[in-house]
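First residue of the sequence shown? That's 24 in our numbering, and the numbers climb one at a time after it.
Beta carbons are placed, not taken as given, at the ideal position from N, Cα and C, and that holds for glycine.
Encoded as structure tokens, the structure appears first; notes follow it.
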Amino acid sequence: MGNITEKLSHIRDGFATLDGQDRLVYLIDLGKRIDLIDETDKIESNKVHACTSQTWVKIQNQDTISITVDSESSIVKGLLRILQIGFNNEQKKNIIDFIDDFDEPIKIFEWLNIGPTISSQRQNGFIGALLFIKKELINE
24 MGNITEKLSH
34 IRDGFATLDG
44 QDRLVYLIDL
54 GKRIDLIDET
64 DKIESNKVHA
74 CTSQTWVKIQ
84 NQDTISITVD
94 SESSIVKGLL
104 RILQIGFNNE
114 QKKNIIDFID
124 DFDEPIKIFE
134 WLNIGPTISS
144 QRQNGFIGAL
154 LFIKKELINE
């Protein structure tokens, strides 16, 4: 869990210093830097159904994990970018362990200091993306 925690710590610290709208701006800025999924990979098996907006996550596992994403929502893109920052170039086991170290996926959201600025629908989408990634990694 250590390396993922280290990679996400600057994002966590960034959210801790921001309030309200500034958190949304930070998320939108993060979303502008996503590793974008190919249009041909926007298929049903890569779709995250917990999101209210159209959202896709594709996981490639060679020696380490690589995640590409897209969403119709710029806020969701920011949330997905956080997962890319934490999980890309990590071993499958490290990602699963990181997710499992929190009793509930919402605890990761809270740990990141994203807070109540984000609607419950967006929180559910973030949790859905986390669970989608975990399920895909376990089923490989």
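Inset, instruction - Mark D93 as exposed unless 16 or more other C-beta atoms lie within 10 angstroms of its C-beta, in which case mark it buried. - result: Position 70 of the sequence shown holds residue 93. D93 comes out buried.
Inset, instruction - List the endpoints of the continuous alpha helix (DSSP H) containing N147. - result: Translated into positions along the sequence shown, residue 147 becomes position 124. N147 -> alpha helix (DSSP H) spans S143 to I161.
Legend entry - Coil, strand or helix - N136 by DSSP: For the purposes of this step, residue 136 is taken as residue 113 along the sequence shown, with counting starting at 1. In the three-state reduction of the DSSP assignment, N136 falls in the coil class.
Legend entry - the segment 117 to 125 in contact with the segment 40 to 48 per 3-pair CB rule at 8 Å: Using a Cβ-Cβ distance cut-off of 8 Å, the segment 117 to 125 and the segment 40 to 48 are not in contact, since fewer than three pairs of beta carbons, one from each stretch, lie closer than that value.
Inset, instruction - Mind reading off the beta-carbon distance from T140 to Q114? Whole number of angstroms is fine, and I expect it under 8 Å. - result: Along the sequence shown, read from residue 1 onward, the residue named residue 140 stands at position 117. Along the sequence shown, read from residue 1 onward, the residue named residue 114 stands at position 91. Not a contact, Cβ separation roughly 32 Å.
Inset, instruction - Name the one or two DSSP bridge partners that I60 has. - result: Position 37 of the sequence shown, counting from 1, holds the residue named residue 60. Answer by DSSP bridge pairing: none, since I60 is not bridged.
Legend entry - Rounded separation between N112 and S89 - CA only: Indexing the sequence shown from 1 puts residue 112 at position 89. Indexing the sequence shown from 1 puts residue 89 at position 66. Going by the C-alpha atoms only, they are around 6 Å apart.
Inset, instruction - If I'm right that P128 touches L153 with Cβ under 8 Å, what's the distance once you round it to whole angstroms? - result: For the purposes of this step, residue 128 is taken as residue 105 along the sequence shown, with counting starting at 1. For the purposes of this step, residue 153 is taken as residue 130 along the sequence shown, with counting starting at 1. That pair is a contact at about 5 Å.
Inset, instruction - Return the chain-ordered ranges of every alpha helix (DSSP H) run that is complete within the segment 27 to 112 and spans a minimum of 4 residues. - result: Given a length threshold of 4 residues, each whole run of the alpha helix (DSSP H) inside the segment 27 to 112 is given here in chain order: 43 to 54 and 97 to 110.
Inset, instruction - Round the Cβ separation of I57 and E159 to the nearest angstrom and send it over; I've been treating them as touching at under 8 Å. - result: Here the question's residue 57 lines up with position 34 in the sequence shown. Here the question's residue 159 lines up with position 136 in the sequence shown. Taking the Cβ atoms as the reference, I57 lies roughly 18 Å from E159, outside the contact range of under 8 Å.
Inset, instruction - Kindly give me the distance between the Cβ atoms of W243 and K65, rounded to whole angstroms, as I take these residues to be in contact under 8 Å. - result: Nothing about residue 243 can be reported from this structure: the residues present for the chain run from 24 to 163 only.
Legend entry - Close-in-space but distant-in-sequence residues of the same chain around R35 (CB under 8 Å, 5 per side omitted): Your numbering for residue 35 matches position 12 in the sequence shown. For R35, where only same-chain residues beyond five positions count, the Cβ hits under 8 Å are W134, L135 and N136.
Legend entry - CB of H72 within 8 Å of CB of G138, strictly: Your numbering for residue 72 matches position 49 in the sequence shown. Your numbering for residue 138 matches position 115 in the sequence shown. No, Cβ-Cβ distance for H72 and G138 is not below 8 Å.
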